[in-house]
Amino acid sequence: MNELTEEISEMQPSASQNKEAEQAAAAAQIRLMELFEKLFEYAMKNQWEKVMAEYEKKPECHTAKITEDEDTALHLAVSGGKLEVVYSMVEVLDKEKEKDYVSKVLKAKNKKGNTPLHTAATLGNARMYHCMASKAPNLMAERNIKNETPLFLAALFGHKDALLCLYFCYPEEKRGDLCSSRDESGDTVLHAAISGEHFDLAFQIICKYPPLVEAVNIYGLSPLQVLATKTNAFRSGSRLEINLTSIEYEENRTRDAKIPILNSYH
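Residues 0 to 265 (this note's numbering) make up the sequence shown, in order.
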């Protein structure tokens, strides 16, 4: 019995060994924090070649939250409009052998729940969108804390090319679900485009997905009713007169008959 007790005692780590392990873990954490601070400093100084040097060597940099808003280095590259840096970062991620690694990193969210693709949606750079969306199409269904998708933000900020890029990167059989998704107020991408007074874009959204003209938000407002509150749409000589007529026409047709989705912008 004593021999068994001694064997078990020998197998258990001693107090000194536990202390050493704790000290090693604390030292590793300090090194990690120093690395993240260095990444942030490089990004703020526009020293992206130094950011990339760390990004290529140390995978822990890929998902590191390096700002108070919990942005990653990729978030900062996107928000800074650094297209070539974004390309390089995505290439680095693509070399990792872990399954779905690119998707995992691209889905990293900041405090607002925004992925790098959400951030790109506010800028309208279609090439940047495509760089990320083509690697992880399911990224377009990710929602921030306001329940907004990247497609929704592209519509809200009036970025037509980016919106169409996102639309066509998404699996065709799921596009209807993506277009009909809603934010926390129940607004669709059509509501968003009209709210942002991007009326030409709104008309193109109707061409791609006519049923949206009947969607109502939590306040009971359809896109046409939101449009009616936009005084700029009704000034004399406005180019929107034909678009308003077209929206009314599509709303009536959608209500009275099943309409196939148009493909004029495919």
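Glycine included, C-beta positions come from ideal geometry on N, C-alpha and C.
Give the DSSP-derived three-state secondary structure of residue i in the structure shown.
i    : result
Y128 : helix
N231 : helix
L243 : Unreliable positioning characterises L243 in this predicted model, as indicated by a pLDDT of 49, which lies under 50. A coordinate reading is not provided.
K106 : coil
S78  : helix
E36  : helix
R30  : helix
E171 : helix
Between which two residues does the alpha helix (DSSP H) containing residue i stretch?
i    : result
L116 : 115-120
E90  : 82-93
C60  : Segment: none, C60 is in no alpha helix (DSSP H) and carries neither H nor E.
S194 : 188-194
D160 : 159-168
E97  : Per DSSP, E97 belongs to no alpha helix (DSSP H) and is neither H nor E.
D70  : It is not in any alpha helix (DSSP H) - D70 carries neither H nor E in the DSSP assignment.
K56  : 47-56
R174 : 174-178
Just the Cα atoms here: how many angstroms apart are residue i and residue j?
i    : j    : result
A201 : H129 : 22 Å
I29  : E59  : 13 Å
D182 : Y100 : 28 Å
A42  : V212 : 43 Å
Y208 : L38  : 43 Å
F198 : G123 : 17 Å
S179 : V50  : 39 Å
K110 : L75  : 14 Å
V85  : K108 : 16 Å
V225 : I193 : 7 Å
M32  : T66  : 12 Å
If residue i sits next to residue j, beta carbons under 8 Å apart, how far is it from one beta carbon to the other, in whole angstroms?
i    : j    : result
A191 : L155 : 4 Å
L105 : L138 : 5 Å
K64  : L34  : With a Cβ gap of about 12 Å, K64 and L34 do not count as contacting.
### Message
For a minimum of 4 consecutive residues, which ranges assigned as the alpha helix (DSSP H) are wholly contained in the region 198-223?
### Response
198-207
#### Entry: alpha helix (DSSP H) runs wholly inside the region 131-156, at least 4 long, in chain order
Counting whole runs of 4 or more residues, the region 131-156 contains the alpha helix (DSSP H) stretches 149-155.
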